[in-house]
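Read the structure below first, then the notes.
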Amino acid sequence: MAKSPEVKLAVFGRAGVGKSYDKSTYRHQANIDDETVSMEILDTAGQEDVLQKEGHMRWGDGFILVYDITDRGSFEDVAPLKGLLDEVKRPKHVPLVLLGNKADLDHARQVATEEGERLAADMACAFYECSACSDQVGTGGGVAEAFHELCREIRRRRAVQGKTRRRSSTTHVKQAINKMLTKISS
Ligand SMILES: Nc1nc2c(ncn2[C@@H]2O[C@H](COP(=O)(O)OP(=O)(O)OP(=O)(O)O)[C@@H](O)[C@H]2O)c(=O)[nH]1
1 MAKSPEVKLA VFGRAGVGKS YDKSTYRHQA NIDDETVSME ILDTAGQEDV
51 LQKEGHMRWG DGFILVYDIT DRGSFEDVAP LKGLLDEVKR PKHVPLVLLG
101 NKADLDHARQ VATEEGERLA ADMACAFYEC SACSDQVGTG GGVAEAFHEL
151 CREIRRRRAV QGKTRRRSST THVKQAINKM LTKISS
């Protein structure tokens with residue numbers, strides 16, 4: 001049986017946004033579009049320093065940036081996190097998902113859905129509002145869907161990178177053959 005692809009996902013967000021709610025394991029397997037994907041999930045602590053954050057960013061293949069819809073400050077933390085990610089992963093554009101958690105607490109909302117959508121559009125990534133408690137609230141259908149979409153994005157990127165690499169290695173072979181032929185004929 002084909003070995004299932006493994007993806008390393010890191011979850012970032014201010015302390016208390018709900019990154020680790022109900023998660024007892026950091027390894028998870030899921031069937032996504034008829035393919036088994038093994039995820040290694042890293043829940044970063046909201047209070048880690050920049051060096052620790054950078055280390056976790058280097059480690060990850062894909063990232064979930066979480067804020068709490070009832071905590072405006074946690075939303076304002078997202079853009080600087082994305083800035084740091086871009087610096088650490090440059091020149092690559094990183095697979096990313098934006099997650100507005102605690103959508104069950106709509107009465108205490110401080111961040112409008114449209115603001116989340118706008119930020120996600122700015123960061124060119126998918127956006128979900130959800131509740132780690134109920135997993136079905138919000139626009140996108142839950143936390144699981146956000147993780148699955150991130151895995152799909154990583155898969156798309158890997159497919160494109162694979163093609164580019166194959167194409168460039170063929171180009172190298174062609175160039176080497178051309179050089180040899182030029183030498184022989186001169
Ligand atoms: N109402 C509601 N509460 C939630 C939700 N997700 C998490 N919580 C609560 O929010 C609090 C913080 O959740 P945690 O998962 O510990 O937050 P965290 O982001 O992991 O925090 P750190 O580990 O300190 O970084 C807990 O009391 C959770 O029960 C949610 O979707 N809805």
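Per the UniProt record's numbering, the sequence shown starts with residue 1, numbered consecutively. All residues carry an ideal CB built from backbone N, CA and C; glycine is no exception.
What do you get for residue i, buried or exposed, if any count of 16 or more other CB atoms within 10 angstroms of its CB means buried?
| i | result |
| --- | --- |
| residue 67 | buried |
| residue 56 | buried |
| residue 181 | exposed |
| residue 82 | buried |
| residue 35 | exposed |
| residue 60 | buried |
Straight-line CA distance for residue i to residue j?
| i | j | result |
| --- | --- | --- |
| residue 63 | residue 101 | 15 angstroms |
| residue 134 | residue 49 | 31 angstroms |
| residue 90 | residue 143 | 27 angstroms |
| residue 18 | residue 122 | 24 angstroms |
| residue 127 | residue 65 | 10 angstroms |
| residue 86 | residue 157 | 16 angstroms |
| residue 146 | residue 132 | 11 angstroms |
| residue 124 | residue 178 | 41 angstroms |
| residue 46 | residue 159 | 32 angstroms |
| residue 6 | residue 15 | 27 angstroms |
| residue 1 | residue 20 | Low confidence applies to residue 1: its pLDDT is 45, below 50, so where it sits in the model is not reliable, and the reading given next is rough at best. Taking the straight line from one Cα to the other gives about 33 angstroms. |
Return the chain-ordered list of same chain residues with a C-beta closer than 6 angstroms to the C-beta of residue i, the five sequence neighbours on each side being excluded.
| i | result |
| --- | --- |
| residue 26 | 41 |
| residue 105 | 70 |
Suppose the cutoff is 7 angstroms on Cβ atoms and the five residues either side in sequence are ignored; what does the same chain contact list for residue i look like?
| i | result |
| --- | --- |
| residue 58 | 88 |
| residue 22 | At residue 22, the pLDDT of 42 sits below 50, so the modelled position is not reliable; the number obtained from the coordinates is stated separately. Excluding sequence neighbours, residue 22 sits near 132. |
Residue i bridges to which residues according to DSSP?
| i | result |
| --- | --- |
| residue 38 | 6, 29 |
| residue 64 | 11, 97 |
| residue 127 | 98 |
Can you find the residues in the same chain that come closer than 8 angstroms, C-beta to C-beta, to residue i, ignoring five residues on each side of it along the sequence?
| i | result |
| --- | --- |
| residue 33 | 152 |
| residue 84 | 50, 53, 54, 57 |
| residue 30 | 36, 37, 39, 144, 147, 148, 151 |
| residue 119 | 75, 78, 79, 98, 127 |
Pair every Cβ in the region 147-155 with every Cβ in the region 94-101, then say whether three or more of these pairs are closer than 8 angstroms.
-> The answer is yes - the region 94-101 touches the region 147-155, with three or more Cβ pairs under 8 angstroms.
With a threshold of 8 angstroms, are at least 3 pairs of Cβ atoms found where one atom belongs to the region 35-47 and the other to the region 4-19? Between the region 35-47 and the region 4-19, the count of C-beta pairs closer than 8 angstroms reaches three or more; the two stretches touch.
Is it the case that the region 105-113 contacts the region 68-80, given that we only count it when at least three CB pairs across the two stretches are under 8 angstroms?
Enough Cβ pairs lie closer than 8 angstroms, so yes.
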